[in-house]
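See below for the structure under consideration.
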Amino acid sequence: MARARWSPRRRKVVGYTALCLVVLGVSSGIIFVREFQPARPVVPGDHVEGLTDALARSLPSDAPRTPFLDVTAASGVDFEHFGAARSRVLPEDVGSGCALEDLDGDGDLD
Numbered sequence: 222m223a224r225a226r227w228s229p230r231r232r233k234v235v236g237y238t239a240l241c242l243v244v245l246g247v248s249s250g251i252i253f254v255r256e257f258q259p260a261r262p263v264v265p266g267d268h269v270e271g272l273t274d275a276l277a278r279s280l281p282s283d284a285p286r287t288p289f290l291d292v293t294a295a296s297g298v299d300f301e302h303f304g305a306a307r308s309r310v311l312p313e314d315v316g317s318g319c320a321l322e323d324l325d326g327d328g329d330l331d
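Numbering (this note's numbering), first residue to last: 222 to 331.
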C-alpha cells in the first residue's frame with residue numbers, strides 16, 4: 222500500500238508548529254533556570270541595591286520624633302524572630318511585621 226504524501230502546505234504548517242514548540246521550550250527553560258535558581262542569602266548589614274539607598278534617606282530636623290518602648294515582656298508576648306535563608310517564599314521575605322488599630326475609638330492608632 223502506498224504511503225500518502227503530505228502537501229507542501231501541510232509540511233510548512235507542521236514545520237512552523239515544530240519550530241514554535243522548540244522556541245517555546247527553550248525560552249521556558251531559560252526563564253525557569255533564571256527564576257528558580259537558589260538565591261544568595263541576604264546577610265544583615267549587606268548593601269541591597271536600591272533598597273538600602275531608599276531607606277537611608279534623612280528626615281528634616283523639625284520632624285517629630287516618635288519614641289518606641291519595648292513592652293513585649295510586660296504584655297505577655299513571647300516571640301523570637303529567627304533568621305532564615307532568603308528565598309522567594311513570602312514568610313521568609315516579609316519578616317515579622319506590625320499591626321496598628323484604633324482599639325479604644327479615640328481616633329488615634331493604638
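Glycine included, each C-beta is placed from N, C-alpha and C at the ideal position.
Source: prediction; values computed, not measured.
Between the CA atoms of residue j and residue i - distance to the nearest angstrom
i: G297; j: V254; result: 46 Å
i: D267; j: D331; result: 33 Å
i: D325; j: S249; result: 54 Å
i: A294; j: F300; result: 10 Å
i: G318; j: V247; result: 40 Å
i: E332; j: D329; result: Lying before the first or after the last residue shown, residue 332 is absent from the chain, which here runs from 222 to 331.
i: V234; j: A225; result: 17 Å
i: A284; j: D327; result: 24 Å
i: V243; j: F289; result: 59 Å
Sequence-distant residues of its chain with Cβ nearer than 7 Å to residue i (five each side left out)
i: I251; result: none
Chain B contact for residue i (CB, 8 Å cutoff)
i: I252; result: Judged by its chain identifiers, the structure shown contains no chain B, having just a single protein chain.
Other residues of its chain near residue i: CB distance less than 8 Å, five sequence neighbours each side excluded
i: Y237; result: none
i: L240; result: none
i: D323; result: D329, L330, D331
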